[in-house]
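Engineer: Questions regarding the structure given below will be posed in turn.
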Amino acid sequence: MTEDLSRFLPEAQAAGASGMTQAVWARVQPDAVQIYDPNGGVRTWGQVNAAANRIVRLLRARGLQPGDAVALVCGNRAEYVEVLAATLRGGFRITPVNWRLTAAELAYIIDNCEAKALFAETAVPAVAPAAAGCPRLAVKVAIGAPAPGFLDYQPALDDLDGSDIPDPVLGQTMLYTSGTTGRPKGVLRPNAVQHAVIAALNLAHYQPGRSVQLGAGPAYHAAPLAFDVRASMNNGAPLAFLNRWDSELVLKTIHQRRISHMHLVPIMFQRLLVLPDAVKAKYDLSSLRYVVHGAAPCPPEVKRAMIEWLGPILYEYYSASEGGAAFVITSEAWLKKPGSVGRRPPPPPRVRILDEDGRDLPNGQRGGVFYELPPQGMCYFKDPEKTRASRRDGFFTTGDVGYFDEDDYLFLTGRSAEVIISGGVNIYPQEIDNEILKHPAVADCATVGVPDAEWGEAVKAVVELSDGYEPSPALAGEILAFVRGGLAGFKVPRTLDFARDLPRTEAGKVLRSQLRARYWEGRDRAI
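Using the working numbering, the letters of the sequence shown map in sequence onto residues 38 to 564.
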């Protein structure tokens with residue numbers, strides 16, 4: 038039987054204050070597998086740790102100092118973990134970037150986060166043109182294959198010292214979310230406590246040396262980064278990465294690797310559930326101990342079916358990249374309170390349900406969900422307008438609407454029309470509007486999220502035409518084809534409706550929430 042290394046957990050946790058948790062596990066189990074790479078091969082704890090030290094030395098040699106930014110454009114592979122481990126101990130601020138973005142979108146984030154170093158998987162076609170538009174980069178490193186103007190990852194590290202750096206400094210992570218102008222904005226929370234992540238992982242009961250993590254979601258997202266990559270690293274558990282979703286492959290990996298822990302989103306549940314019974318029966322899933330989910334609302338019938346299949350091992354969390362309280366609910370509690378995301382946790386931080394005038398609402402009444410700001414502060418990087426707009430008297434909101442029941446369980450019933458969540462991915466409608474408005478036939482536009490049985494929400498554009506144009510299926514197709522050149526594929530509207538007059542305020546501003554409500558009419562939930 039594999040050795041239980043739980044006695045080293047306190048030491049590994051203490052080393053997190055300097056970003057050296059990885060180094061503790063590398064000393065304890067240097068030759069044990071840390072990463073099962075989907076591209077083939079494995080990385081041991083010792084190999085990942087040595088690579089992290091070499092990366093720190095490479096960046097320092099190129100002039101980077103603690104606090105400088107590093108951008109990472111990389112799929113689920115071993116190098117992702119190595120670069121992350123390096124920034125955690127080197128004092129750098131890392132921004133993992135969605136590799137599915139267009140070159141212009143990539144370039145914007147790389148430049149906006151003020152990256153001085155870029156580690157990028159050169160199989161992503163948009164990487165080279167994006168990097169060319171970012172003049173402040175002091176070093177560019179190619180992952181996977183050589184590229185002109187980039188250092189080749191492995192040769193660049195081979196001659197450097199892999200021993201632990203003597204002067205570690207804890208780094209930061211800055212992820213990007215939606216912005217008020219339609220451009221993504223970095224969420225800057227200087228070493229803030231992630232209450233929801235901590236609360237959820239307290240129920241995970243990892244056994245270092247025995248537990249095995251599955252990384253099925255893209256690691257550039259906040260939740261897979263926290264619950265797959267960081268959780269496995271912090272708890273001494275190997276990580277089996279998948280670089281694409283394949284429902285049967287997920288079951289096969291659980292069976293072969295004896296996966297005990299994994300993070301999924303509701304659409305992944307749905308795709309697993311529709312597998313033929315004969316396929317499900319082929320694989321032994323008895324090793325699973327902890328399946329955590331969040332990022333998007335889960336239809337009650339889907340969650341109930343997953344609990345019936347896997348047992349009461351589903352744990353749901355509710356939070357945001359910006360922070361917030363620690364809402365977590367077990368399978369047993371959820372079955373008593375179907376649809377809830379958890380009971381109000383003790384402060385800090387406090388949680389309030391407010392009406393439009395900022396007044397507290399009693400249990401049972403719906404209003405905006407507001408969280409107490411963390412002591413370390415939280416802001417949207419270089420966007421004071423969005424920062425101010427999200428705050429009220431020391432509290433902030435991400436736009437969710439909900440209520441507490443008589444037992445203090447939180448139920449989410451709606452969301453600001455300014456965010457679409459499709460398949461667990463946040464999409465900002467203004468960014469899409471900005472592209473659609475470039476088409477000469479479009480006088481005005483409002484993009485909203487509409488109900489979708491599989492994805493939760495689907496992106497729909499509602500267009501008001503310029504004079505001289507008439508609605509037609511051909512014109513709708515032309516407009517959608519037009520925006521594909523400027524938007525990542527997952528942001529392109531699936532459908533487009535025409536409207537003679539969009540709903541507006543007296544000042545002429547489009548009422549996106551009113552437009553969205555038309556598509557959700559007659560439903561108990563508007564998310």
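Just so it is clear, CB atoms sit at the ideal spot from N, CA and C, and this is done for glycine as well.
Bear in mind the structure is a predicted one, so any value in this text is a computation, not a measurement.
#1: Report the rounded CA-to-CA distance for V266 versus N463, giving the unit in angstroms.
#2: Could you check whether the segment 316 to 326 touches the segment 284 to 291, counting it as contact only if at least three pairs of C-beta atoms, one from each stretch, sit closer than 8 angstroms?
#3: Would you mind working out which of V520, D538, P540, L539 sits nearest T532, comparing C-alpha positions?
#4: Spell out the partners DSSP gives S459 in its beta bridges.
#5: Whole angstroms is fine: what's the gap from R537's alpha carbon to V487's?
#6: With C-beta atoms as the reference, is L225 less than 7 angstroms away from M211?
#7: Pop quiz: F3 and V107 are said to be a contact at Cβ under 8 angstroms. What is the actual Cβ separation, rounded to whole angstroms?
#8: Can you tell me whether V316 is buried or exposed, with buried defined as 16 or more other CB within 10 angstroms of its CB?
#9: First and last residue of the beta strand (DSSP E) that includes Q71?
#10: Tell me which residues share the same chain as G401 and place their Cβ nearer than 8 angstroms to its Cβ, disregarding the 5 neighbours each side in the sequence.
#11: Going by C-alpha distance, which of T139, T424, K222, L240 is nearest G523?
#12: Look up P421 in the DSSP assignment and say whether it is helix, strand or coil.
#13: Can you tell me where the alpha helix (DSSP H) holding H292 begins and where it ends?
#14: Spatial neighbours of G395 within its chain, please: CB distance less than 8 angstroms, with the 5 preceding and 5 following residues excluded, ordered by chain position.
#15: Could you tell me the distance, in whole angstroms, from the CA atom of D565 to the CA atom of D437?
#16: Assuming Q250 and H292 are in contact, meaning their beta carbons sit under 8 angstroms apart, how far apart are those beta carbons, in whole angstroms?
#17: Taking all protein chains shown into account, do 16 or more other C-beta atoms lie within 10 angstroms of the C-beta of P172, making it buried, or fewer, making it exposed?
#18: For the alpha helix (DSSP H) that contains M299, what are its first and last residues?
#19: So, W492 versus G273, is the Cβ gap smaller than 7 angstroms?
#20: For T450, which of A554, A260, Q244 has the nearest alpha-carbon?
#21: Distance check for G223 and A478, CA to CA, integer angstroms please.
#22: Could you pull the DSSP bridge partners for H242 from this structure?
#23: Tell me, please, whether the segment 198 to 212 touches the segment 231 to 245 by the rule of three or more beta-carbon pairs shorter than 8 angstroms.
#24: Measure the beta-carbon distance from I296 to G461 and round it to whole angstroms, keeping in mind my assumption that it falls under 8 angstroms.
#25: By a C-beta neighbour count over all protein chains shown, 10 Å radius and 16 as the cutoff for buried, is Q307 buried or exposed?
#26: Ordered along the chain, which non-local residues of its own chain (more than five positions away) have a Cβ less than 6 angstroms from that of A357?
#27: Which value, in whole angstroms, describes the spacing of the CA atoms of L474 and A480?
#28: Which value, in whole angstroms, describes the spacing of the CA atoms of Y190 and N149?
#29: For N271, tell me which candidate among G254, G246, W282, G127 has the shortest Cα-Cα distance.
#30: By Cβ distance below 6 angstroms, which residues in the same chain neighbour Y73 in space, the five residues on each side in sequence not counted?
#31: To which residues of the same chain is K153 closer than 7 angstroms at the C-beta, ignoring the five residues directly before and after it?
#32: Enumerated in chain order, which unbroken segments of the beta strand (DSSP E) with a length of 3 residues or greater are wholly contained in the segment 387 to 417?
#33: Figure out for me which residue from Y117, G376, V161, A511 has the closest Cα to the Cα of H258.
#34: Going by CA-CA distance only, name the one from R403, R425, G404, D397 that's closest to L410.
#35: How would you write the range of the alpha helix (DSSP H) that D195 sits in, first residue to last?
#36: Please report how far the alpha carbon of K373 lies from the alpha carbon of A182, in whole angstroms.
Structural biologist: Inspection of the coordinates gives the following:
#1: 20 angstroms
#2: yes
#3: V520
#4: BP columns for S459 point to V462.
#5: 19 angstroms
#6: yes
#7: Outside the shown range of the chain (38 to 564) lies residue 3, about which nothing can therefore be said.
#8: exposed
#9: 70 to 73
#10: Y440, F441, D442, E443
#11: T139
#12: helix
#13: Taken as a continuous stretch (DSSP letters only), the alpha helix (DSSP H) holding H292 covers 284 to 294.
#14: R429, D430, listed in sequence order.
#15: Within the shown structure, residues of the chain are numbered from 38 to 564, placing residue 565 beyond reach of any answer.
#16: Between H292 and Q250 the Cβ distance is about 15 angstroms, and since that is not below 8 angstroms, they are no contact.
#17: exposed
#18: Looking at the DSSP string, M299 is not in any alpha helix (DSSP H); the run it does join, the beta strand (DSSP E), is 298 to 301.
#19: Taking 7 angstroms as the cut-off, the beta carbon of W492 is found no closer than this to the beta carbon of G273.
#20: Cα-wise, what sits closest to T450 is A554.
#21: 33 angstroms
#22: DSSP, once it has assigned bridges, lists no residue as partnering H242.
#23: no
#24: The C-beta distance from I296 to G461 rounds to 20 angstroms, too long to fall under 8 angstroms, and the pair is not in contact.
#25: buried
#26: T435
#27: 7 angstroms
#28: 24 angstroms
#29: Of the listed residues, the one whose Cα sits closest to N271 is G246.
#30: V79, A277
#31: L101, D105, A106, R173, L174, A175
#32: 388 to 391, 404 to 409
#33: It is Y117 whose Cα lies nearest to the Cα of H258.
#34: R425
#35: Its alpha helix (DSSP H) spans residues 190 to 195.
#36: So the alpha carbons of these two residues sit roughly 52 angstroms apart.
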